[in-house]
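A.B. asks:
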Amino acid sequence: MAQSDPRAIRPPAVAGIFYPADPGTLARRVDELLEGARSDAPTPGPKAVVAPHAGYRYSGPIAASAFATLSREV
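Written as structure tokens, this is what we have:
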């Protein structure tokens, strides 16, 4: 079995279907989702979340809300 190149990047399988294919459009959409996300987590927030990962139009707002609860502190 041949070893794969660890620097290789897998081509996106569903770009343009479940999320925008254009990187700039995708970045803007993620920013919009995160800006509109509610974060009702107590302080400090959780260290991890379980978030949905369906297409952005189906689960994007819920996933963004889950990620918004994470602490920005490193």
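Take the sequence shown: its position 27, counting from 1, is numbered 40 in my numbering, and each next residue is one higher.
Ideal Cβ positions, reconstructed from N, Cα and C, are used throughout, including at glycine.
Could you tell me the alpha carbon to alpha carbon distance between residue 52 and residue 73, rounded to whole angstroms?
C.D. replies: C-alpha separation (whole angstroms): 14 Å.
A.B. asks: Between the beta-carbon of residue 80 and the beta-carbon of residue 67, is there less than 8 Å?
C.D. replies: No, they are not a contact pair.
A.B. asks: Take the Cβ of residue 77 as the centre, count every other Cβ of all protein chains shown within 10 Å, and call the residue buried at 16 or more, exposed below.
C.D. replies: Flag for residue 77 reads buried.
A.B. asks: Measuring straight from C-alpha to C-alpha, what distance separates residue 25 and residue 83?
C.D. replies: So the alpha carbons of these two residues sit roughly 27 Å apart.
A.B. asks: Residue 69 and residue 42: beta carbons closer than 8 Å?
C.D. replies: Against a cut-off of 8 Å, the Cβ pair of residue 42 and residue 69 comes out as a contact.
A.B. asks: Can you give me the C-alpha to C-alpha distance between residue 62 and residue 28, rounded to a whole angstrom?
C.D. replies: Cα to Cα, the separation comes out at about 24 Å.
A.B. asks: Tell me whether residue 61 sits in a helix, a strand or coil according to DSSP, three-state version.
C.D. replies: Coil at residue 61, not helix or strand.
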